[in-house]
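*Asks:*
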Amino acid sequence: MTEITLRSWLLAEIPGSRLQARCQWAFINWLAFKRNPVALIGLLIILGLVAVAALAPWITTSNGLELHLSERLQPPSSEHWFGTDELGRDIYDRIIWGSRITLYIVALVSIIVVPIGLVIGIVAGYMGGWVDTCLMRLTDIFLAFPRLILAMALVATLGRGLENAVLAIALTTWSPFARIARAEALTIRNSEFILAARVQGVSTIGILFRHVTPLCMSSVTVRLTLDMAGIILTAAGLGFLGLGAQPPTPEWGAMISLGRQYLIDQWWVPTVPGIAILVVSLGFNLLGDGLRDVFDPKSGS
Amino acid sequence: MVQTLETPLLSVEDLHVTYDTPTGLVRAVSGVSFELGREKLGIVGESGSGKSQTGRAILGLTAAGGEVRARRMEFEGTDLLTADQPTMRRVRGAGISMIMQDPKYSLNPVMTVGAQIEEAFLIHSKSSKRVAHERTLEMLRAVKIREPQRVYKAYPHEVSGGMGQRIMIAMMMIPEPNIIIADEPTSALDVTVQLQVLAVLDDMIAERRMGLIFISHDLNLIASFCDRILIMYGGKIMEQCTADNLHQAQHPYTRGLLNCLPRLDGGQSELSVLKRDPAWLETTGMAE
């Protein structure tokens, strides 16, 4: 009885402190999450991606940019695990360095998209009336466009390059977030505590950002993880079309694009980055599903 | 009764609240007039009698689609009918505040108790965060919360209903308003806790000499808690009397309500059912 294990501390009936209660909450959610093996695989893939990106300088032998024309198109071997491409660069190294670019795109898009979507959605939902109509029709316009086509058009006008691709993807991705935020704001705006805040004389801006926004965050977060795969695919698509990252940047989509002419004879050149894209987008999807099961109160068991 | 002789804090004359609904015009409040000094005014009536709508109209928080008209509605010289939004925001909270029915819904679930009370304070004063923190803890102590430090950091779901309502009182009292509108503040609480909360409310009002509008459907509660009572039905004031004289009330509606209450000493085996007379709504009970 005297021995206190970590597990018993985490599962105590009555938490002794606020810290313990927080840890317990996290632990219980973790237990729920862990029961779903598929979600766990997703989490492992994403953690693996982050680890690989972080450790890139130590687990690669080159920076993936140097040319070794004598070693062109070598098949996978113990020296070049995934073979080499048409310029003799090690594909394994390029995949590893490419993971950094993928994470960079995903992170940048999220940072741009979430605030835009939240602000538009919350303002529309809370204000209602013609403000709502205008903002939502604008959202509808962006929703109605095929994502890749719109992104292509934007990159075409902005100019090629990774940053412009990110901007274009962000401009095509914010609309579902606005919808979600609006739906949440619609239910929240009629709640008693918003009335209570108005009774105290809180300004509209104060209500929107201090009272409504925090309540929208959980559904937006889940939606974001689910959207990650789409973001990665769009980025890869733009890279493939030559509109995203420019050579010699080891971006996975661009790698497939350059390698596709060797598909028949040197299959590994386009296949390996293809598998990388597949695995990572699958990982984000599985993780997103798992998170939704844990955090979405509406589908809770 | 002495207090009413002073200049009133709030005067409402011929207040109308109407809602334009697809099925026609709904008159939620029609022709309500009263004055409020530093006293405890009770408004009783059954559901839909317009008592809550009166409270909201005073704060300018009538729901969308509602229209408020009045001959006069003044709070300490501010005309509430023509005031612009910034003025109204200053009146709300710092001038008139409202305690709502159920603390479960009227506290923001994702903000800590402390942050919510502090926000109410900071909106109406240019104090620093430190002062706000001090004042919040002081206020929590004033509403008889035992461990203010702990409750300050708690979320609304971690406190009980009675505590929640006392927190609500703290939140609404901290900007030191002159009038508190309490819209059924104890209906969501059980009886023993009701008395605690009312005691806290009573203390604070007496201490700060505020005016209180206490909205409830509980006749006995209002009779014991308030100084003066308005009885409303169908959006109109039926009768006005002092709390002590409630049981001598004349109006048939008030009599009807009183007869519906079970009494420990009463010999009735069956409670009478209220009979409503449409004629009550045609003659404005007290306005004449």
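The listed protein sequences derive, respectively, from chains A and B.
So the numbering used here is basically just the index in the first sequence, starting at one, shifted up by 27.
Position 254 of the second sequence, counted from 1, bears residue number 243 in the numbering used here, the numbering being contiguous throughout.
Every residue gets a Cβ at the ideal spot worked out from N, C-alpha and C, and that includes glycine.
None of these values were measured; they are calculated from a predicted model.
1) Take leucine 111 (chain B) and list the residues in its own chain whose beta-carbon comes closer than 6 angstroms to its own, dropping the five residues that flank it on each side.
2) If we call anything under 8 angstroms between Cβ atoms a contact, is proline 98 (chain B) one with isoleucine 156 (chain B)?
3) Measure from the alpha carbon of arginine 237 (chain A) to the alpha carbon of each residue in B:Thr43, B:Gln105, B:Ile85, B:Val21, then state which is nearest.
4) Taking a cut of 8 angstroms between CB atoms, which residues from the region 144 to 165 of chain B lie near chain A?
5) Mind checking if leucine 50 (chain B) is an interface residue toward chain A, Cβ cutoff 8 angstroms exclusive?
6) At a CB distance below 8 angstroms, what residues from the region 84 to 97 of chain B approach chain A? Give them in sequence order.
7) For a test of the three-state rule: what should DSSP assign to alanine 238 (chain B), helix, strand or coil?
8) Can you list, in chain order, the residues of the region 109 to 142 of chain B whose Cβ is nearer than 8 angstroms to any Cβ on chain A?
9) Which residues of chain A have a Cβ atom closer than 7 angstroms to the Cβ of valine 99 (chain B), listed in chain order?
10) On the three-pair Cβ rule with 8 angstroms, is the region 263 to 274 of chain A touching the region 208 to 228 of chain A?
11) Output needed for glycine 310 (chain A): all residues of its chain with C-beta closer than 6 angstroms, excluding positions within five of it in sequence on either side, in chain order.
12) Which runs of the beta strand (DSSP E) spanning at least 3 residues fall entirely within the region 147 to 202 of chain B, listed in chain order?
13) Starting from the C-beta of threonine -4 (chain B), find all residues in its chain whose C-beta is less than 7 angstroms away, skip the five residues before and the five after it, and write them out in chain order.
14) Buried or exposed for glutamate 228 (chain B), please, with buried defined as at least 16 other CB atoms from any protein chain shown within 10 angstroms of its CB.
15) Glycine 103 (chain B) versus chain A: which residues are under 7 angstroms apart at the beta carbon?
16) Which stretch, first to last residue, makes up the alpha helix (DSSP H) that contains cysteine 243 (chain A)?
17) When the Cα atoms are used, what is the spatial distance from proline 84 (chain A) to alanine 224 (chain A)?
18) Looking at the unbroken beta strand (DSSP E) that takes in glutamate 24 (chain B), where does it start and where does it end?
19) Classify methionine 28 (chain A) as buried or exposed, calling it buried when 16 or more other Cβ atoms lie within 10 Å of its own Cβ.
20) Using the C-alpha atoms, what's the distance from tryptophan 201 (chain A) back to isoleucine 139 (chain A)?
21) Grouping DSSP H, G and I as helix and E and B as strand, with all else coil, what is phenylalanine 109 (chain A)?
22) Can you look up serine 2 (chain A) in the DSSP assignment and give me helix, strand or coil?
23) Could you pull the DSSP bridge partners for arginine 58 (chain B) from this structure?
24) Taking 8 angstroms as the threshold (beta carbon to beta carbon), is arginine 265 (chain B) in contact with chain A?
25) Exposed or buried, what is glycine 13 (chain B) when buried is set at 16 or more other beta-carbons lying within 10 Å of its beta-carbon?
26) Going by DSSP in three states, cysteine 230 (chain B) sits in which element: helix, strand or coil?
27) For glycine 31 (chain B) versus valine 18 (chain B), is the C-beta distance shorter than 8 angstroms?
28) Sorted by chain position, which residues of the same chain lie with C-beta nearer than 6 angstroms to leucine 145 (chain A)'s C-beta, five sequence neighbours on each side aside?
29) Using beta-carbon positions only, say whether arginine 121 (chain A) and methionine 282 (chain A) come within less than 8 angstroms of one another.
30) Answer with yes or no whether the minimum CB distance from serine 47 (chain A) to chain B is below 8 angstroms.
31) Once you ignore the five residues that flank leucine 265 (chain A) on each side, which residues in its own chain have a CB closer than 8 angstroms to its CB?
32) Closer than 8 angstroms is the cut-off here; do at least three beta carbon pairs connect the region 123 to 132 of chain A with the region 74 to 81 of chain A?
33) Compare the Cα-Cα distances from phenylalanine 23 (chain B) to each of B:Arg130, B:Glu271, B:Arg217, B:Cys249 and report the closest residue.
34) State the start and end residues of the unbroken alpha helix (DSSP H) segment that holds leucine 219 (chain B).
35) Which residues in chain A have a C-beta closer than 7 angstroms to the C-beta of arginine 78 (chain B)? List them in chain order.
36) Do glutamate 35 (chain B) and glutamine 90 (chain B) come within 8 angstroms of each other at the CB atom, strictly closer than that value?
*Replies:* Taking the structure as given:
1) Taking the first residue of the second sequence as 1, we reach residue 111 (chain B) at position 122. Cβ neighbours of leucine 111 (chain B) beyond the five flanking positions: Ala121.
2) Here residue 98 (chain B) is taken as the residue at index 109 of the second sequence, counted from 1. Here residue 156 (chain B) is taken as the residue at index 167 of the second sequence, counted from 1. In this structure, isoleucine 156 (chain B) does not lie closer than 8 angstroms to proline 98 (chain B) by Cβ.
3) Taking the first residue of the first sequence as 1, we reach residue 237 (chain A) at position 210. Measuring from the Cα of arginine 237 (chain A), the nearest candidate turns out to be B:Gln105.
4) Met157, Met160, Met161, Pro164
5) One-based indexing of the second sequence puts residue 50 (chain B) at position 61. Yes - at least one Cβ of chain A is within 8 angstroms of the one on leucine 50 (chain B).
6) Ser86, Met87, Met89, Gln90, Asp91, Tyr94, Ser95, Leu96, Asn97
7) Here the question's residue 238 (chain B) lines up with position 249 in the second sequence. The answer is coil: DSSP assigns alanine 238 (chain B) none of H, G, I, E or B.
8) Ala109, Ile112, His113, Lys142
9) Here residue 99 (chain B) is taken as the residue at index 110 of the second sequence, counted from 1. Under the 7 angstroms cutoff, chain A gives Pro241, Leu242.
10) no
11) By one-based count along the first sequence, residue 310 (chain A) stands at place 283. Closer than 6 angstroms at the Cβ level, and outside the excluded window around glycine 310 (chain A), lie Gly69, Ile72, Ile73.
12) 168 to 172
13) Looking up residue -4 (chain B) in the second sequence gives position 7. Here the set comprises nothing.
14) Sequence index remark: in the second sequence, residue 228 (chain B) carries index 239 (1-based). Buried, because 16 or more other Cβ atoms sit within 10 Å of the Cβ of glutamate 228 (chain B).
15) Walking along the second sequence from the start, residue 103 (chain B) turns up at place 114. Within 7 angstroms Cβ-Cβ: nothing; glycine 103 (chain B) doesn't reach chain A, min ~13 angstroms.
16) Locating residue 243 (chain A) in the first sequence gives position 216, counting from the first residue. Counting along the chain, the alpha helix (DSSP H) containing cysteine 243 (chain A) begins and ends at 240 to 267.
17) Here residue 84 (chain A) corresponds to residue number 57 of the first sequence, with the count starting at 1. Here residue 224 (chain A) corresponds to residue number 197 of the first sequence, with the count starting at 1. Going by the C-alpha atoms only, they are around 52 angstroms apart.
18) Taking the second sequence and counting its residues from 1, one reaches residue 24 (chain B) at position 35. Where glutamate 24 (chain B) is concerned, the enclosing beta strand (DSSP E) stretches over 13 to 25.
19) Here the question's residue 28 (chain A) lines up with position 1 in the first sequence. Caution applies to methionine 28 (chain A), whose pLDDT of 46 falls short of 50 and renders its modelled position unreliable; the value that the coordinates give is listed next. With fewer than 16 Cβ atoms within 10 Å of its Cβ, methionine 28 (chain A) is classed as exposed.
20) Position 112 of the first sequence, counting from 1, holds the residue named residue 139 (chain A). Position 174 of the first sequence, counting from 1, holds the residue named residue 201 (chain A). For isoleucine 139 (chain A) and tryptophan 201 (chain A), the distance between alpha carbons rounds to 8 angstroms.
21) Walking along the first sequence from the start, residue 109 (chain A) turns up at place 82. Looking at phenylalanine 109 (chain A) - three-state DSSP - the assignment turns out to be coil, as it is neither helix nor strand.
22) Only positions 28 to 328 of chain A appear in this structure, which leaves residue 2 (chain A) out of reach.
23) For the purposes of this step, residue 58 (chain B) is taken as the residue at position 69 of the second sequence. Paired residue(s): B:His5.
24) Position 276 of the second sequence, counted from the first residue, corresponds to residue 265 (chain B). Closer than 8 angstroms: no.
25) Locating residue 13 (chain B) in the second sequence gives position 24, where the first residue counts as 1. Exposed: under 16 other Cβ atoms inside 10 Å.
26) In the second sequence, residue 230 (chain B) corresponds to position 241, counting from 1. In this structure, cysteine 230 (chain B) counts as strand in the three-state DSSP scheme.
27) Against the second sequence, residue 31 (chain B) aligns to sequence position 42. Against the second sequence, residue 18 (chain B) aligns to sequence position 29. Taking 8 angstroms as the Cβ cut-off, glycine 31 (chain B) and valine 18 (chain B) do not qualify as a contacting pair.
28) Against the first sequence, residue 145 (chain A) aligns to sequence position 118. So the list reads Ala208, once near-sequence residues are dropped.
29) As a working mapping, residue 121 (chain A) is identified with position 94 in the first sequence. As a working mapping, residue 282 (chain A) is identified with position 255 in the first sequence. Yes, Cβ-Cβ distance for arginine 121 (chain A) and methionine 282 (chain A) is below 8 angstroms.
30) Reading the first sequence from its first residue, position 20 is the one you call residue 47 (chain A). Just to set this straight, residue 47 (chain A) is glutamine in the shown sequence, not serine. With 8 angstroms as the cut-off, glutamine 47 (chain A) does not count as an interface residue toward chain B.
31) Residue 265 (chain A) sits at position 238 when you count from the first residue of the first sequence. Here the set comprises Leu175, Ala178, Met179, Val182, Ala192, Ala195, Ile196, Gly271, Gly280.
32) yes
33) Within the second sequence, the letter at position 34 stands for residue 23 (chain B). Looking at the Cα atoms, B:Arg217 is the closest of the given residues.
34) Position 230 of the second sequence holds residue 219 (chain B). Run containing leucine 219 (chain B): none in the alpha helix (DSSP H); it sits in the beta strand (DSSP E), 217 to 222.
35) Here residue 78 (chain B) corresponds to residue number 89 of the second sequence, with the count starting at 1. Within 7 angstroms Cβ-Cβ: Gly228, Ser230.
36) Taking the second sequence and counting its residues from 1, one reaches residue 90 (chain B) at position 101. Taking the second sequence and counting its residues from 1, one reaches residue 35 (chain B) at position 46. Going by C-beta atoms, glutamine 90 (chain B) is not nearer than 8 angstroms to glutamate 35 (chain B).
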